[in-house]
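This report refers to the structure that appears directly beneath it.
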Amino acid sequence: MSTAGFNSQNGTSAGQAYTNGPSQNPLHQQQPGVGYAMPHQAPYNPMQAKAPLPQGPGLYPSGQYQPVPLASSYQPSIPLSSYSSVPGQPLLTRPPMGGPPSHTPPQSASPGPRLPSAQATPPPPAVSSGSYYPNPQQQQPMAPTWHSTAPPPAALSTTMNTLPRGPMGNHVNPAASSAMPPQSLSAYSSPSPAPVSHSVSQPPGPGMPPTSLHGYTQPGSAPPPMNPMVPHTYQPSRPAYGPPPSGPPPLMNPPPTGPPMGSATPPPPRADGPMAGNGPQASNSYNHVENKMAGPPQPGPPGRHLGHYPSLPPGYQNTSATLLHPTMQTTAQPYTQAPQPYQQPSGGPGPAQLSPSLAAMSLQSSTPEALRVVNLLQERNLLPPSPISAPTPCLPQDLQKINCHPEVFRSTLTSIPQTQSLLNKAKLPLGLLLHPFKDLSQLPVVTSSTIVRCRSCRTYINPFVSFLDQRRWKCNLCYRVNDVPEEFMYNPVSRSYGEPHKRPEVQNATIEFIAPSEYMLRPPQPAAYLFVLDVSHNALETGYLNVVCQSLLDNINELPGDSRTKVGFITFDSTIHFYNLQEGLSQPQMLIVSDIEDIFLPTPDSLLVNLNECKELVQDLLKSLPNLFEKTMETQSALGPALQAAFKLLSPTGGRMSVFQTQLPNLGVGALKSREDPNQRASAKDIQHLSPATDFYKKLALDCSGQQVAVDLFLLSSQYCDLASLGCISRYSAGSVYYYPSYHHQHNPAQVECFQKDLKRYVTRKIGFEAVMRIRCTKGLSIHTFHGNFFVRSTDLLSLPNVNPDAGFAVQMSIEENLDDMQVVSFQAALLYTSSKGERRIRVHTLCLPVVNSLSDIFASADVQAISGLLACMAVDRSVTASLSDARDAMTNAAIDSLTSYRQAVLSIPQPGLLAPACLRLFPLFILALLKQKAFRTGTSTKLDDRVFAMCQLKYQPLAYAMLMIHPAFYRVDDLTDKGALNINERTIPQPSLLQLSVEKLSREGAFLMDAGLMMYLWIGRNCNPSFLTQVLGVPTYAAIPDNLYLLPELDTAESQRTRAFISWLRDQRPFFPSLHVIRDESQLKVGFMQNMIEDRTESALSYYEFLLHLQQQVSK
């Protein structure tokens, strides 16, 4: 595969240098049906172009649609449209959404929302700008207008480590390697799951003791195991899940009619081309490490190809999605609450009680709670009083007990459709949300010289494989039969021999291996930390340097590492300052390089030093730094040259670069100019400058990724800093972005507290170096787009120079081959990394889901939070590659499409109103919340950096945290009681009910807490109970509440203890520190508080009820 092929996956193809966001794949499109036994079937795009949202006052214009071409380097030669039509004739269906309308209508006095006439619809554009998916009913044009023969960009043309040829596990099918499809930013698709083989009737066995026996380690003994372990009794005669010897299993419902589903995405070419990046590359191609012990390639069953992964364009890769509220668990320990299955009426057995051959099939015999019909226009109080928990897959009980926890691995659908065409009919997105390096209280760790993997697809042995007998096991992803190694016959937990099915690897869906030397490309490098600090006049004015230096002094001994740990420091203004910390010096020595055009390292060997050997010098430097530049008047910022210097310093070992910046870089390479027009912040039109102004930061990030360096950016500024450009340095190097607008050590003490707490977590949290992550799935499924911070090294391998426990990822999937003969499918995420102690480790998560063949079962399995989180990631990409209005329209269309499909295909009796299944009852609310979220809102004054940071967070944060940023949690806290409270570590934590985000829930007599993820508001009513004021806030009257109160006084009253315990408990649920703001009616921050009242109408957006009326009008067409 050419370098151009890899570059295109990361938005760096020669045709459009370093575009921000997933670009189209440059390789030829395979003709429909080639290499498959089925006709071509395009994946459905739920975010289709349809009628635009009605206007709020002054925002939602109507009128004729102006086509906006999709900003992409790939343009099909035949128009792609969500609805085919005769050229020159208007469509008879809903008009497409997208570009700016031609005029704004006058304000309507009618109570209902205004909608443009359907008859005035113009023809669709050449490329549908409001659609994430092509029309499932029409054949897709295949011929791209440019090809993979284009040379790679000059910046990326340097030689790299080619991936060795050899047995390729879940990569490519050589027979079908001649073509790769153009990637769609938006096609909702799904990876390939696998069959499982465990008997429902297996008796439960004893759990695994928390002990360390023969290399098996499970730290901690008090908390319960992360997954209750049920030994699987070896039964030679028991039939395994998966394809039976002949014919499909019996179906409870007749299979769907119509032509068989075809390949949604043809397989990619072989992934062994050079990798993208500049400069000499550290050896970091882990493909041959993953496949080293595979043995000769093994053919799969006749007529099947092993799981293929199409090319993955990461593009504007920032964040995965999240839960409504992180407080799903009742204690601080994850994995302690058993999942709750769908509530079954008493009329018949639930699906988990069916025989194994029917276990994952139709639910129609008894309607589950998830399919209860809800009329959204009539039922106002749909928000549950407690946080929503993830739905439970409909699996046999023995499988469900050991399935991967949803906080780590979660699917938008907990049942996988048999075919892509069935998924297209449901109009729901299929994808996975991952939190792979999450801090876990229970993590089984296995030390073994033999890590058992499938010889064909390289899947790690897991709880969902089938043991045919004591000596053979069948892979649950590719179905190859493998031999059980002799060493695996011994169980270190029970100290018994001959029971491989009781090994920890087969009892835990999440497990970690200590990897042998075969999994290393070079000896583990020491943990290296380099701090790059802005010391310009503007930076010193904010006072941030004192906080950074003091935090490092306080936590210097907590930096993850061992006796080899290295640290270094670089400061910069208009010049670059290095610090010689060589052992033997009496004090640190500053070395200044003023030639920023040709940066060099003055003393390469003494700038990055061993922390243990030079700790006193490091401490002296941290104490003196704030005073060293105290009186500087230098206002310029040469960030680009400073990053180049830091890259040179870290290149030999790799490591973590922490960059602190307070202004727009204005000197040397990477200099930027202000692109924000403050007058356009509240524009109802499309927002400009969401993509980078220069490719410098992305190119440098790719170089850093090639040398195993990740860059974390701390942006502390009160002025525009062009985060859209600067953020690329972290996005493509697997780093993090922290943003503190209006930071000042005196004027904004709440931000200072937030920065201090975040910095402590950042410095001391666990870290993995030189990481790569691969997601495998059962054949028949494929992954086509990733979301998060990383660089795609090959078709399915993510390069993560650093991995941290706070990063989330999302993937979109498609169904390439019919899953008719499967009852379950599996997904496996394997994260290979080097710990800060120098150990090579592999963390493996495996998820098993049932396969279903009816639309009702698909809707019953919808996970509304996961769907919303994935849509948010896709909408960020759409905003950058097309336009913000496109993204907004597409999200609205996703709700319209799914509710239309439910009404037409699932409901047997037509009913009036806007109907939704109970599991999707909150979907329109979450879509409206996204439309009003800082990332996507229009007509409301929003700084450009604030908007871009919100987009970064939606792409990067795990689902639990991102959902709070989408739909904040709202509580009344002036009447907290111990009723229903939690008891954690001898603390009583009140559990108030969640309230709807509407002003009607406010009361002048009360106090209300809004948890918006990164920020908390405590709103005090004008007539609030005086006892609350005195016993919680410590003030006698409402008027005495200070303007900038951000800390609750520690009073010795029951009310104070309850309130502080509840807020502290909420904060403890997340890795970042949300600032608290106590506000009154007169407070400046009241505007932000009121903007989060999602269900209310504003000058520029509809109320929730008006939005439902708009959806009903579209669904009823």
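Each step along the sequence shown adds one to the number in the numbering used here, with nothing skipped, and position 622 is 626. Backbone N, C-alpha and C fix where the C-beta goes; we use that ideal spot for every residue, glycine too. Keep in mind the model is a prediction, meaning the values are calculated, not measured.
Inter-stretch contact at 8 Å, needing at least 3 Cβ pairs: the segment 1032-1039 / the segment 1053-1063: The answer is yes - the segment 1053-1063 touches the segment 1032-1039, with three or more Cβ pairs under 8 Å.
Beta-carbon proximity list for N1027, same chain, < 6 Å, skipping 5 on both sides: R1008 and E1009
Beta-carbon contacts of V715 that lie in its chain and below 7 Å, excluding the five residues immediately before and after: Around V715: M661, V663, A705, C708, I733, S734, S737 and G739.
Extent of the continuous beta strand (DSSP E) to which Q816 belongs: Counting along the chain, the beta strand (DSSP E) containing Q816 begins and ends at F813 to I819.
Limits of the unbroken alpha helix (DSSP H) element including P928: F927 to L935
Beta-carbon separation (whole angstroms), L612 vs L998, contact threshold 8 Å: The pair is not a contact, with the Cβ atoms about 49 Å apart (cut-off 8 Å).
R526 classed as buried or exposed, judged by whether at least 16 other C-beta atoms fall within 10 angstroms: exposed
Among Y1108, L438 and F471, nearest to R925 - alpha-carbon criterion: Closest by alpha carbon: Y1108.
Contact the segment 743-762 vs the segment 513-525: 3+ CB pairs below 8 Å: no
Same chain, Cβ closer than 6 Å to Q648, five either side skipped, listed in chain order: Cβ within range, chain order: I603.
Simplified DSSP assignment, three categories, for M1020: strand
Sufficient close CB pairs (3 or more, under 8 Å) joining the segment 534-551 to the segment 475-492: no
Exposure label - V450; buried when at least 16 CB within 10 Å: buried
The segment 1011-1020 touching the segment 970-983, judged by at least three CB pairs closer than 8 Å: yes
Inter-residue CB distance, V884 and L727 (contact presumed, cutoff 8 Å): Incorrect: roughly 13 Å between the Cβ atoms, too far for contact.
Alpha helix (DSSP H) runs contained entirely in the segment 849-929, provided each spans 4 or more residues: 859-864, 868-885 and 888-905
H849, buried or exposed, once every other Cβ within 10 Å from all chains shown has been counted against 16: buried
Identity of the residue in E562, R462, V1091 and V622 nearest L585 by Cα: V622
Rounded Cβ spacing between P805 and G658 (contact assumed at less than 8 Å): That pair is a contact at about 6 Å.
Segments assigned alpha helix (DSSP H), at least 4 residues, entirely inside the segment 483-514: none
CB contact flag (T575, V551, <7 Å): For T575 and V551, no; Cβs fall outside 7 Å.
Backbone secondary structure at R1064 - three-state DSSP: helix
Secondary structure of M594, DSSP reduced to three states: strand
P508 beta carbon less than 7 Å from that of F492: Against a cut-off of 7 Å, the Cβ pair of P508 and F492 comes out as no contact.
7 Å CB neighbourhood of N559 in its chain, flanking five on each side removed: K764, V767 and T768
For P928 and Q1116, the rounded distance between their alpha carbons: 11 Å
Exposure label - E774; buried when at least 16 CB within 10 Å: buried
Simplified DSSP assignment, three categories, for Q667: coil
Beta-carbon proximity check, L436 vs A920, cutoff 7 Å: Not a contact, by the Cβ cut-off of 7 Å.
Option in R892, Q816, F1066 and R457 with minimal Cα separation from K689: R892
Reduced DSSP secondary structure (H/G/I, E/B, other) of F1111: It is helical.
Endpoints, alpha helix (DSSP H) assigned at G943: Segment: none, G943 is in no alpha helix (DSSP H) and carries neither H nor E.
Given P389 as reference, the closest of R1074, S641, D1085 and P996 once Cα atoms are compared: Just measuring C-alpha positions, the residue of R1074, S641, D1085 and P996 sitting nearest P389 is P996.
7 Å Cβ cutoff met for S678 and Y701: Cβ distance not < 7 Å, so S678 and Y701 don't count as in contact.
Length at least 3, wholly inside the segment 616-701: the beta strand (DSSP E) runs in chain order: 659-665
Run of the beta strand (DSSP E) containing H791, from where it starts to where it stops: L785 to H791
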